[in-house]
Structures are given as structure tokens and as C-alpha cells.
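K.L.:
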Amino acid sequence: MKLVINTPKQNKGFTLIEVLVALIILAIALMAIVKAVNTNVRNLSYVRDKITAQWVADNVLNTMQAGLLAAPHDQPQQGNTDMLNQHWYWQALPEQQKNQTIQRVNIVVTNKLDGKPLIHLIGFINVQK
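Residues 5 to 133, numbered by my numbering, are exactly what the sequence shown covers, in order.
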């Protein structure tokens, strides 16, 4: 004769608490991923603006060095330009040097009128007299 012991059947699913804990962990992980992606997008946009501002400043300095744009002598010189479908504002500030044949120019570029400068470029221009 065999002795049979009745044991309760084991559930093979998850309890409601286990499912809720798993969903909370998943939600926290997804929020961290979304925050990281958002931060990367903002940083990418800032770096793009910074590089474009550098190109604008380089172009202004090169056109002054080539003589296509008059170098500022006593007063700051302002201008604007379009690059990469954006409008950029620049200002060239002259600085006097001991050497009269070379002029130091500080070029400041912003992407908004009266905005925070994105780049400061210092260059030198040969002044012929």
C-alpha cells in the first residue's frame, strides 16, 4: 500500500507585489535613460553653436586679414552674418599694441543680439601705413 501525502500546488507566476516592484525598477531605469538622452541633446546643441560661432569668428578675422573688411582702429566694429541657417552677431574690439604695424583684435560672437558671448577669438592684423 502506498501512502500519498497531499501537498499544495506551487504557483509558478509572480505575485502582485513582485510585479509592482519590477515596474518601479523599470520606471526608474527608463527615467534615467530619458534624462541622459535629454542632457546629451542639450550638450550637442551647445557644442554645435560653439563650433559655428568659432567659424564665424574665424571668417571675420580672415576677411580682416585679407583686407576685404576694414579692421577696427579706434571704435568697436559690429556686424552680423548667416551661417548654417542661423543668424550670428559679432563685434570686433581693437586693442592698441606697442608695435604700430600690428593690431590686436578681439572678436566676440553671439547667436542673440545682446546675448551671452559664445566665443572670444583674439587675432592680429597687419596694419599698413
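The beta-carbon is built from N, C-alpha and C at its ideal position, and this holds for glycine as well.
My assumption, with CB atoms under 8 Å, is that threonine 56 sits in contact with methionine 87. Please give the rounded CB distance.
P.N.:
Correct: roughly 6 Å between the Cβ atoms.
K.L.:
Return helix, strand or coil for asparagine 130, following the three-state DSSP convention.
P.N.:
Three-state result, asparagine 130: strand.
K.L.:
Determine whether the beta carbon atoms of proline 98 and glutamine 69 lie at a separation below 9 Å.
P.N.:
Cβ atoms of proline 98 and glutamine 69: not closer than 9 Å.
K.L.:
Just tell me which of Asn42, Ile32, Ala26, Gln95 has its CA closest to the CA of glycine 127.
P.N.:
The residue with the shortest Cα to Cα distance from glycine 127 is Gln95.
K.L.:
Short of 7 Å in beta carbon distance, which residues of its chain neighbour histidine 91, apart from the five on each side in sequence? Order them along the chain.
P.N.:
Closer than 7 Å at Cβ, skipping near neighbours: Asn84.
K.L.:
May I ask you to report which of helix, strand or coil DSSP gives glutamine 58?
P.N.:
It is helical.
K.L.:
Rounded to whole angstroms, what is the Cα-Cα separation between valine 45 and valine 38?
P.N.:
Distance between the alpha carbons of valine 45 and valine 38 is about 11 Å.
K.L.:
Determine the direct distance from the alpha carbon of alanine 33 to that of glutamine 58, and round the result to whole angstroms.
P.N.:
About 38 Å.
K.L.:
Find the nearest neighbour of valine 131 within the set Lys120, Gln82, Lys102, His124, judged by alpha-carbon distance.
P.N.:
That would be Lys102, whose Cα lies nearest to the Cα of valine 131.
K.L.:
Below 9 Å between beta carbons: does that hold for valine 112 and isoleucine 129?
P.N.:
Not closer than 9 Å, so no.
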